[in-house]
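Asks: Chains as they are written, first to last, in the numbering used here: chain A, 2 to 301; chain B, 52 to 406.
Glycine included, each C-beta is placed from N, C-alpha and C at the ideal position.
Since we're looking at a predicted model, the values are computed, not measured.
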Amino acid sequence: MTRPSPWFIAVLLLPGIGLIAVFIGAVIYIAIAQSVGFYNLTGDSGFSMEFWEKLIGRKSYWTAVRYSLFIGFWAAVLSVAVAYPLALWLRKPFKGSLTISAILKAPLMIHGIVAAFLFLNIISYNGLVNQLLVWTGIFDDPRRLQNDSGAVGLLFLQVWKNMPFALLLLTGAVQSIPQDTLNAAQDLGAGTVERFRRIIAPLTVSAMQAALIIVFIDALADFTFQTTVGPTNRQSLSQYMEFFRGRGRWNEAAGVGVTLMALSLIGAVLMALTARLIFRERPIARVVTWYETRRVEAQT
Amino acid sequence: MSGLAAKKIAVRFDAVDALKNIDLEVPAGSFVTLLGPSGCGKTTLLNVISGFLKPTDGRVYIDGIDVTDTPPERRDTALCFQSYALFPHLSVEENLVFGLRQRGMSGADRAKRLRDVVGQLDLGDHLSKLPNQLSGGQQQRVSLGRALTVRPSVILFDEPLSNLDAKLRETVRHEIRSIQQDFGLTAVYVTHDQNEALAMSDKIFVLNKGQLEQAGTPQDLYHAPRTRFVADFVGSANVMQARVVSRAQVDVWQVVTPLGPLMVRSDTPPEADNVLIAWRAEAVIMGHDPVNAVTAKVVRRSFEGAYTDLFFDVEGKTFRVQQTETNLVAGEDMTFSILPDNIVFLSDSVSKVAS
Numbered sequence: 002m003t004r005p006s007p008w009f010i011a012v013l014l015l016p017g018i019g020l021i022a023v024f025i026g027a028v029i030y031i032a033i034a035q036s037v038g039f040y041n042l043t044g045d046s047g048f049s050m051e052f053w054e055k056l057i058g059r060k061s062y063w064t065a066v067r068y069s070l071f072i073g074f075w076a077a078v079l080s081v082a083v084a085y086p087l088a089l090w091l092r093k094p095f096k097g098s099l100t101i102s103a104i105l106k107a108p109l110m111i112h113g114i115v116a117a118f119l120f121l122n123i124i125s126y127n128g129l130v131n132q133l134l135v136w137t138g139i140f141d142d143p144r145r146l147q148n149d150s151g152a153v154g155l156l157f158l159q160v161w162k163n164m165p166f167a168l169l170l171l172t173g174a175v176q177s178i179p180q181d182t183l184n185a186a187q188d189l190g191a192g193t194v195e196r197f198r199r200i201i202a203p204l205t206v207s208a209m210q211a212a213l214i215i216v217f218i219d220a221l222a223d224f225t226f227q228t229t230v231g232p233t234n235r236q237s238l239s240q241y242m243e244f245f246r247g248r249g250r251w252n253e254a255a256g257v258g259v260t261l262m263a264l265s266l267i268g269a270v271l272m273a274l275t276a277r278l279i280f281r282e283r284p285i286a287r288v289v290t291w292y293e294t295r296r297v298e299a300q301t
Numbered sequence: 052m053s054g055l056a057a058k059k060i061a062v063r064f065d066a067v068d069a070l071k072n073i074d075l076e077v078p079a080g081s082f083v084t085l086l087g088p089s090g091c092g093k094t095t096l097l098n099v100i101s102g103f104l105k106p107t108d109g110r111v112y113i114d115g116i117d118v119t120d121t122p123p124e125r126r127d128t129a130l131c132f133q134s135y136a137l138f139p140h141l142s143v144e145e146n147l148v149f150g151l152r153q154r155g156m157s158g159a160d161r162a163k164r165l166r167d168v169v170g171q172l173d174l175g176d177h178l179s180k181l182p183n184q185l186s187g188g189q190q191q192r193v194s195l196g197r198a199l200t201v202r203p204s205v206i207l208f209d210e211p212l213s214n215l216d217a218k219l220r221e222t223v224r225h226e227i228r229s230i231q232q233d234f235g236l237t238a239v240y241v242t243h244d245q246n247e248a249l250a251m252s253d254k255i256f257v258l259n260k261g262q263l264e265q266a267g268t269p270q271d272l273y274h275a276p277r278t279r280f281v282a283d284f285v286g287s288a289n290v291m292q293a294r295v296v297s298r299a300q301v302d303v304w305q306v307v308t309p310l311g312p313l314m315v316r317s318d319t320p321p322e323a324d325n326v327l328i329a330w331r332a333e334a335v336i337m338g339h340d341p342v343n344a345v346t347a348k349v350v351r352r353s354f355e356g357a358y359t360d361l362f363f364d365v366e367g368k369t370f371r372v373q374q375t376e377t378n379l380v381a382g383e384d385m386t387f388s389i390l391p392d393n394i395v396f397l398s399d400s401v402s403k404v405a406s
């Protein structure tokens, strides 16, 4: 069979990838253009950095950036951290493992707003959590747990919703590691932590990166959970964007949108690179090994 | 004792007995092989020794210390896997020193140990390569080197040569044996290949259906198999029914067989009047001899290179004679004699033999 020409392949792919590129490209273009003064819906259109200057000059903007990064980072890290042991536990099939796996993935099917309201009910003033804490004596009286200022409830929800996705990716990756490889590491003296650090994590780092990126982007741009269970004293970037949009300040809203896109890209790349550096490349360990070997060679 | 000992090992998976009452002693510095067909329990026994499987019953001792409850990572053993199980993301060098890192050895000591093993196994040119850049034989050497660097009390081999081609298998087989002797290692080697077992071992334990059939030196097993299974599995002997008719001398019995009356010399008497006897295909003398002469028609001839197999049928059963030089062809009569010393009585009771 002769290989079709690259042009022919490109034409065949065009209806799929082409449409995606056009739609995403259009959105990115409009957002960037609007943030620098074009496509102004309420005034004159034309290039201007005025909206960016105003945005960058606001303290609330930087607070929203920091807060969204905080939520995105911890949601990604915690989701992956919870998914790993579960993926390892479910690596070998056992009686009931399929059911457990299905239950763990159920949050993927539940809409965020439904989950958020269910969670609100459970942690409400007279909800189950308060009742349990009072009953066990941990609390003397019920307390307000909703919209906690530390965003613990929000992070819990983010992890609950995103962990199954990380689990899906990691289960496949973990299952692809041959048992002999893990046994070899154990046989050579590696305990549970070392097996994870030196073998499992490096060999599944691609799945880990994918999970970190997707969860980070999803949590960074979250609106539903933040407005339902998030802290009332802080705004996420998506809330901030909605704040401007609600007041007809589209250019500033676009500026926040561009910020979100840029943070998603930079944050995702940084998280992926960091994961790879820590678990796969181990640059420091490599340099130390190289140095020690050469030193002994020189001595002998 | 110094070395390895496994006493009364039993492993049960639900209702299936994977190992039954196995006793194994491996003196320090010796090379012992667990030989048997697929599913006989040899890898299960190796997993018990390495700590990956806890026996249902029995204890494992290394250098006299009970290690039955010690996890694999704290057991002083090193396992060479059939699949090599090299860490695909680590270079050859990192694979080789992996065990030393886990043991917390200093960088300088690690480098010295690495240099020794690399020199021994001729891996110097490959240290920076990843395992997938190596040939099967080189991967095998790295696997062996990784186990050797930690200098374990007991080194375990789980069919390490089964993925290599025949020529390389023979070369690596000699390398392994030579390294084991050079380092004075206590080794347990699992294989289903009788040639490997016979060529490498100080002692062979033959397993069948989770039971120990016979243990002995390669010579013992080959020349004096005690069960039909061992006779058949180690070197494929001719096995046939025999009826003991008289005791001609203190250690010589006269038996009647499908090949006619034969004399059998044996230190141990037959277990019953009707027994199984075995003789090796090559342990015959061509030509007429007054003792144990047999005449038969060759039905098939198979040239095997170093020798030729001559097959003949008696009472619906096919027998085989091996000759290094012969002009006999199918359809011709041949006469040969089986020396009484070359015929052995077999036992059908495994437990009796194992005990």
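Taking its Cβ as the centre, do 16 or more other Cβ atoms sit within 10 Å of B/S398, making it buried, or is it exposed?
Replies: If you number the second sequence from 1, residue 398 of chain B lands on position 347. Buried, by the Cβ-count rule.
Asks: At least one CB of chain B closer than 8 angstroms to the CB of A/P179: is that the case?
Replies: Start at 1 with the first residue of the first sequence, and residue 179 of chain A comes out as number 178. It does; some Cβ of chain B falls within 8 angstroms.
Asks: Kindly indicate which three-state DSSP category B/T95 falls into: helix, strand or coil?
Replies: Numbered from 1 along the second sequence, position 44 holds the residue referred to as residue 95 of chain B. Correct three-state label for B/T95: helix.
Asks: What whole-angstrom Cβ distance do A/L170 and A/A211 have, given they're in contact under 8 angstroms?
Replies: Indexing the first sequence from 1 puts residue 170 of chain A at position 169. Indexing the first sequence from 1 puts residue 211 of chain A at position 210. 5 angstroms between Cβ atoms; contact.
Asks: Would B/S406 be called buried (16 or more neighbouring beta carbons within 10 Å of its own) or exposed?
Replies: In the second sequence, counting from the first residue as 1, residue 406 of chain B sits at position 355. Because the pLDDT at B/S406 is just 37, under 50, the model does not fix this residue reliably, and the point stays unresolved.
Asks: Would you verify that the beta carbon of B/E124 is, or is not, closer than 8 angstroms to some beta carbon of chain C?
Replies: The question asks about chain C, but that chain is absent: this structure's protein chains are A and B.
Asks: At a Cβ cut of 8 angstroms, what residues of the segment 184-217 of chain A count as close to chain B, listed as they run along the chain?
Replies: So the list reads N184, A185, A186, Q187, D188, L189, G190, A191, G192, E195, R199, I200, P203 and L204, given in the order they occur along the chain.
Asks: Would B/H140 pass as an interface residue toward chain A - the criterion being a Cβ-Cβ separation below 8 angstroms?
Replies: By 1-based counting over the second sequence, the position of residue 140 of chain B is 89. By this cut-off, B/H140 is an interface position.
Asks: Is it right to say A/D223 is buried, meaning 16 or more other beta carbons lie within 10 angstroms of its own, or is it exposed?
Replies: Position 222 of the first sequence, counted from the start, is the residue given in the question as residue 223 of chain A. It counts as buried.
Asks: So which of B/D173, B/V239 and B/T95 has the shortest CA-CA distance to B/P203?
Replies: Here residue 203 of chain B corresponds to residue number 152 of the second sequence, with the count starting at 1. That would be B/V239, whose Cα lies nearest to the Cα of B/P203.
Asks: Answer with buried or exposed for B/S402, where buried requires no fewer than 16 other C-beta atoms within 10 angstroms of its C-beta.
Replies: The sequence position of residue 402 of chain B within the second sequence is 351, counting from 1. Caution applies to B/S402, whose pLDDT of 42 falls short of 50 and renders its modelled position unreliable; the value that the coordinates give is listed next. That one is exposed.
Asks: Just to check my reading of the structure: A/I29 and A/M209 have Cβ atoms closer than 8 angstroms, yes? What is that Cβ distance to the nearest angstrom?
Replies: The residue labelled residue 29 of chain A in the question sits at position 28 within the first sequence. The residue labelled residue 209 of chain A in the question sits at position 208 within the first sequence. Not really, about 27 angstroms apart at Cβ, beyond 8 angstroms.
Asks: Specify, as a first and last residue, the run of the alpha helix (DSSP H) that A/T260 falls within.
Replies: Your numbering for residue 260 of chain A matches position 259 in the first sequence. It spans W251 to R277 - the alpha helix (DSSP H) in which A/T260 sits, taken as one unbroken run.
Asks: Going by DSSP in three states, A/Y30 sits in which element: helix, strand or coil?
Replies: By one-based count along the first sequence, residue 30 of chain A stands at place 29. A/Y30 falls in the helix class under three-state DSSP.
Asks: Could you list which residues in chain B have their beta carbon closer than 7 angstroms to that of A/T182, in chain order?
Replies: Position 181 of the first sequence, counting from 1, holds the residue named residue 182 of chain A. Near A/T182 (Cβ distances below 7 angstroms), the residues of chain B are A136 and F138.
Asks: Could you give the first and the last residue of the continuous beta strand (DSSP E) run that contains B/V306?
Replies: Position 255 of the second sequence, counting from 1, holds the residue named residue 306 of chain B. First-last of the beta strand (DSSP E) with B/V306: V303 to T308.
Asks: Where does A/S49 sit, in a helix, a strand or coil, going by DSSP?
Replies: Working through the first sequence from its first residue, we reach residue 49 of chain A at position 48. If DSSP states are grouped into helix, strand and coil, A/S49 belongs with coil.
Asks: Would you report the Cα separation of A/I200 and B/D271, rounded to the nearest angstrom?
Replies: Within the first sequence, numbered from 1, the residue matching residue 200 of chain A stands at position 199. Within the second sequence, numbered from 1, the residue matching residue 271 of chain B stands at position 220. Distance between the alpha carbons of A/I200 and B/D271: 45 angstroms.
Asks: Here's the rule: buried if 16 or more other CB atoms are within 10 angstroms of the residue's CB, otherwise exposed. What is A/R295?
Replies: The sequence position of residue 295 of chain A within the first sequence is 294, counting from 1. Looking at its Cβ environment, which holds fewer than 16 other Cβ atoms inside 10 Å, A/R295 is exposed.
Asks: Is it buried or exposed, B/M251, if we count other Cβ atoms within 10 angstroms and call 16 or more buried?
Replies: Residue 251 of chain B sits at position 200 when you count from the first residue of the second sequence. B/M251 should be labelled buried.
Asks: DSSP puts B/N259 in a beta bridge; with which residues?
Replies: Here residue 259 of chain B refers to the residue found at position 208 of the second sequence. Paired residue(s): B/Q262.
Asks: Counting along the chain, where does the alpha helix (DSSP H) carrying A/E195 start and finish?
Replies: One-based indexing of the first sequence puts residue 195 of chain A at position 194. Taken as a continuous stretch (DSSP letters only), the alpha helix (DSSP H) holding A/E195 covers T193 to R196.
Asks: Under three-state DSSP, which class holds B/E76?
Replies: Counted from its first residue, the second sequence places residue 76 of chain B at position 25. It is a strand residue.
Asks: Are B/P321 and B/F396 close, meaning C-beta to C-beta below 8 angstroms?
Replies: Within the second sequence, the letter at position 270 stands for residue 321 of chain B. Within the second sequence, the letter at position 345 stands for residue 396 of chain B. Result yes, Cβ atoms of B/P321 and B/F396 sit closer than 8 angstroms.
Asks: So, with DSSP's three-state summary, where would you put A/I111?
Replies: Residue 111 of chain A sits at position 110 when you count from the first residue of the first sequence. The answer is coil: DSSP assigns A/I111 none of H, G, I, E or B.
Asks: If you draw a straight line from the alpha carbon of A/L183 to that of A/W291, how long is it in whole angstroms?
Replies: Here residue 183 of chain A refers to the residue found at position 182 of the first sequence. Here residue 291 of chain A refers to the residue found at position 290 of the first sequence. Going by the C-alpha atoms only, they are around 25 angstroms apart.
Asks: Kindly give me the distance between the Cβ atoms of A/S80 and A/L91, rounded to whole angstroms, as I take these residues to be in contact under 8 angstroms.
Replies: Here the question's residue 80 of chain A lines up with position 79 in the first sequence. Here the question's residue 91 of chain A lines up with position 90 in the first sequence. Actually they do not touch by this definition, with Cβ atoms about 16 angstroms apart.
Asks: Whose C-alpha, out of A/L129, A/Y85 and A/T275, is nearest the C-alpha of A/F197?
Replies: As a position in the first sequence, residue 197 of chain A is number 196, starting the count at 1. Out of A/L129, A/Y85 and A/T275, A/Y85 has the C-alpha closest to the C-alpha of A/F197.
Asks: Applying the criterion that 16 or more other CB atoms from any shown protein chain within 10 Å of the CB defines a buried residue, is B/H177 buried or exposed?
Replies: As a first step, residue 177 of chain B is located in the second sequence; it is residue number 126 there, counting from the start. Under this definition B/H177 is a buried residue.
Asks: Under the three-state reduction of DSSP, which class applies to B/Q373: helix, strand or coil?
Replies: On the second sequence, position 322 is the one that residue 373 of chain B refers to. DSSP places B/Q373 in strand when its eight states are reduced to three.
Asks: Locate the alpha helix (DSSP H) running through A/Y85, then write down its first and last residues.
Replies: Residue mapping note: residue 85 of chain A aligns to position 84 of the first sequence, counting from 1. K60 to W90 is the extent of the alpha helix (DSSP H) around A/Y85.
Asks: Is DSSP giving A/Q176 helix, strand or coil here?
Replies: Here the question's residue 176 of chain A lines up with position 175 in the first sequence. DSSP places A/Q176 in helix when its eight states are reduced to three.
Asks: Please decide whether B/A129 counts as near chain A, where near means a Cβ-Cβ distance under 8 angstroms.
Replies: On the second sequence, position 78 is the one that residue 129 of chain B refers to. Yes, B/A129 lies at the interface with chain A (some Cβ there is under 8 angstroms from its Cβ).
Asks: Please list, in chain order, all residues of the same chain as A/T43 whose beta carbon is under 6 angstroms from its beta carbon, the five residues on each side excluded.
Replies: Residue 43 of chain A sits at position 42 when you count from the first residue of the first sequence. Taken in chain order, the residues that qualify are G249.
Asks: Measure the Cβ-Cβ separation of B/R371 and B/A332 and say whether it is below 8 angstroms.
Replies: By one-based count along the second sequence, residue 371 of chain B stands at place 320. By one-based count along the second sequence, residue 332 of chain B stands at place 281. Yes, Cβ-Cβ distance for B/R371 and B/A332 is below 8 angstroms.
Asks: Nearest to A/A269 by alpha carbon, out of A/Q147, A/I218, A/V259 and A/V230?
Replies: Taking the first residue of the first sequence as 1, we reach residue 269 of chain A at position 268. Closest option to A/A269, Cα to Cα, is A/I218.
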